[in-house]
Each structure stands twice: as C-alpha cells, then as structure tokens.
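Using our numbering, the letters of the sequence shown correspond one by one to residues 112 to 476. Even glycine gets a Cβ: it sits at the ideal position worked out from N, Cα and C. As the structure is a computational prediction, the values presented were derived from the model and not from experiment. In what follows, a structure is listed as structure tokens, so that the remarks can point back to it.
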Amino acid sequence: MNQTRHDWTKEEILAIYNKPLMELLYEAATVHRQFHDPNTVQVSTLLSIKTGGCPEDCGYCPQAARYHTDIEGNDLMSVQQVKAQALRAKASGSSRVCMGAAWRNVKDGPEFDQVLEMVRTINKLDMEVCCTLGMVTENQAKRLAEAGLYAYNHNLDTSEEYYKEVISTRGYEDRLQTIENVRKTNVTVCSGGIIGMGENVEDRAGMLVALSTLNPQPESVPINALVAVEGTPMEDQKPVEIWEMIRMVATTRIVMPQTQVRLSAGRTEMTREGQAMCFFAGANSIFAGDKLLTTPNPDVNEDMEMFKQLGLNPQKAFVKAPQPQTVEAADSEYAPLGEKPKWSRPGHVIERNEAAKGKGVVTKS
Ligand code: SF4
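Here it is, written out as structure tokens:
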C-alpha cells in the first residue's frame, strides 16, 4: 500500500511527471484505487459572492481592478441569494458549495459577519461549505470553523520561484501562513494551482513539492488550466495541452494519494475523452455550473450526461470528514479582534502586469 509521504523532492516529482504516459497512468490509477472509489467524483458548485474590484495584481485574474476586463462586478450577495443558489446546486447533484470573494484578505466587520451567516446557512442544508476569501488570521479561521465551515481554499498557484512572475502584491509566505492559520482549526484545506501561466515543468513540480510536504497534505488540490482572459497580463498565453493536464493530475495523485484532486478551470477546452483520462489518472472532483467565478465552465446537464456515459456517481457530502457543528452567532466564543495583520506587499515590478494596466477592453459604464 502506498503510504503518504511528506518528503517528496523536486527531482522525484519530475521523474514521475516525465514517465512514459502509459506507465504514469497505470501508476496513478493504481494509487487512486487504493485510496478512493474510482467511480465516484465529487461535484462542487462555485459561487462568486463578491465579484471584481480586487486590489491584488494576480496576473491571471480578470477580477483585479487594475486590469481592463469586461466582467461585471457586484457587491456582496445576500444570505438569501446564496441560500437559493445552494439549494439549486444541491438539487442538481452538488454536495459542496464554494463561495469566493474577490478580497485581498478578510476584514472583521459586517461583510465578514454576513459571510459567517452564509456558512451557517449552507451547513444547515447538509452541504459541505468551502470559502475562498483571501488571507485569514487565526481568529478569523476559528470564527469560520465555528460557523460550520468544512474547507478553506487558498491556492499556492505555482512554485515559490515563479510566484514572483505572477503576483507582486503579496508573497508566497503569506499563502503558507494562511494555510497554517486554517490548520489550527478543524477546517480542511483546499490548495492547488494553475498551469499554463508561462511556468516551466520544474515550477509545476516545485508547486507539488510545496503542497505535498505540508503535513497534513491538503485534503483537496485543485488543478486549473489557465483560462487566458482578454485584458489580463496573461491574455496571450497558449492554451494548456490536455497531455500536460493529464500528467499534472496523475503526478498530483501519486504524491498526494489521499487528497481529492479537483479538475478545475479550463474544462470547457477539454473533450470528454480528455476529462475521462483525467478521472482515470486520479481526478475525483469537479466544479459544476456554467461559470467558474467569472470564466466559462461546462453546463451542469452536460456534466451529468458525461457522468452517465462514464458510469460515474456524484460523491455524497461528508464522506471524507464529518459534518462540522454550527454555532450560532449569539453563542460565539470568538469576538472579532479587528486585527490589521501585516501581510506582505513585496511590490516588485512584473513587466507583464505593468503593461496590462494600459491594455484590455473598455469597461461598460
Ligand atoms: S485571484 Fe483573488 S486575490 Fe488575485 S486578483 Fe483575483 S480575486 Fe484578487
């Protein structure tokens, strides 16, 4: 039985990634069967609860205020709106709702209180609740846990070395610190990255070293293929080839055997055959719904048709970890601390990001 290791080296991971494809697939599929039901895939729904206007400069992201993309921003959704969408997601087979807000970091106050209420509401619908809200302090992570949060997403995006070519407004250590803060609670960790941003294979392996050497490893690892959006610094990046996705998924499965590996952004560009190979290589989670935050995603009916064709079943909620208990706001043990943590702002110049500020589509008025 393959044991979970926390001492993977970049050389070992590169050797796996570069194996002849048939050997790589066989090894990944074998590991997958040791730890997971190969015919079960988790279906999650991603809701953008606050879109656009983000102060960060992530080079891949159309929600960064400094780039001129044509996404329509919105204020924080209401709890009722979120509840209605969660119920729709549940009815169409999702067992998890992931709520994303385009924030640099969580700030204590009425908006965070509203998000906590969303968490309570969805947990009471017996669905797994995940949030991706930017950087969080330990106290904020505890408040989310108390509300009934099941998972917190905070992607490492790429290797530590290449991170400096993608984002200048925060450092890699901030990402790791947030993951550490979440780990001080019972909330599970979801952290992965994006391929196709101009990084090399060593960077992909470097990201997998950073994730797999965490102890415990993240319970969920999303692997995204860049969706190059007009107006962002990465608008001209070439699409990722399906073979790269398959290799990345298979390698992730081998080095993180117990993790849910999530096939995330970029699925609209993949054929059903390509997705089937990713499932064979160990992917066992997808996002459903026609939008992934702001970029296109296959329609949920198409996904259910694919599941039928491949004989896949959607995973039920809470099969990997128990459902958290929700504590009501009035009974909360944790007061908001109004912290102003010193998350870093490296502020180095990334030419591609600087050039993008002057390009792009004219925003609708
Ligand atoms: S990825 Fe998140 S933090 Fe980065 S610009 Fe987009 S919304 Fe902001």
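Is the separation between the beta-carbon of residue i and that of residue j shorter than 8 Å?
i	j	result
residue 306	residue 336	yes
residue 164	residue 278	no
residue 394	residue 360	yes
residue 142	residue 364	yes
residue 81	residue 115	The requested residue 81 does not occur in the structure, where the chain is confined to residues 112 to 476.
residue 316	residue 470	no
residue 194	residue 232	yes
residue 266	residue 117	no
residue 298	residue 262	yes
residue 321	residue 284	no
residue 369	residue 396	no
residue 289	residue 247	yes
residue 366	residue 203	no
For residue i, which residues in the same chain have their Cβ closer than 7 Å to its Cβ, ignoring the five residues on either side in sequence?
i	result
residue 253	296 and 445
residue 351	306, 307, 336, 337 and 377
residue 463	170 and 344
residue 429	239
residue 318	267, 269, 270 and 304
residue 287	none
Leaving out five residues on either side along the sequence, give the residues of the same chain with a beta carbon under 6 Å from the beta carbon of residue i.
i	result
residue 209	155, 157 and 241
residue 391	140
residue 385	353
residue 346	339
In or out: residue i buried (at least 16 other Cβ within 10 Å) or exposed?
i	result
residue 375	buried
residue 61	In the structure as shown, the chain starts at 112 and stops at 476, and residue 61 therefore has no counterpart that could be examined.
residue 448	exposed
residue 220	exposed
residue 214	buried
residue 133	exposed
residue 161	buried
residue 458	exposed
residue 175	buried
residue 382	exposed
residue 460	exposed
residue 476	Below a pLDDT of 50, predicted positions are generally treated as unreliable, and residue 476, at 40, falls in that range; the measurement from the model is reported next regardless. Flag for residue 476 reads exposed.
residue 314	buried
residue 168	buried
residue 481	The requested residue 481 does not occur in the structure, where the chain is confined to residues 112 to 476.
Residues bridged to residue i by DSSP?
i	result
residue 239	207
residue 372	332 and 394
residue 268	304
residue 425	152
residue 162	185
residue 171	The partner list for residue 171 (beta bridge, DSSP) is empty, contrary to what the question assumes.
residue 216	246
residue 157	209
In chain order, what residues of the same chain lie with their CB nearer than 8 Å to the CB of residue i, ignoring the 5 residues before and after it?
i	result
residue 150	422, 423 and 424
Complete beta strand (DSSP E) runs within the region 276-306 (minimum length 3 residues, chain order): Those beta strand (DSSP E) runs which fall completely within the region 276-306 and span 3+ residues are 299-301 and 304-306.
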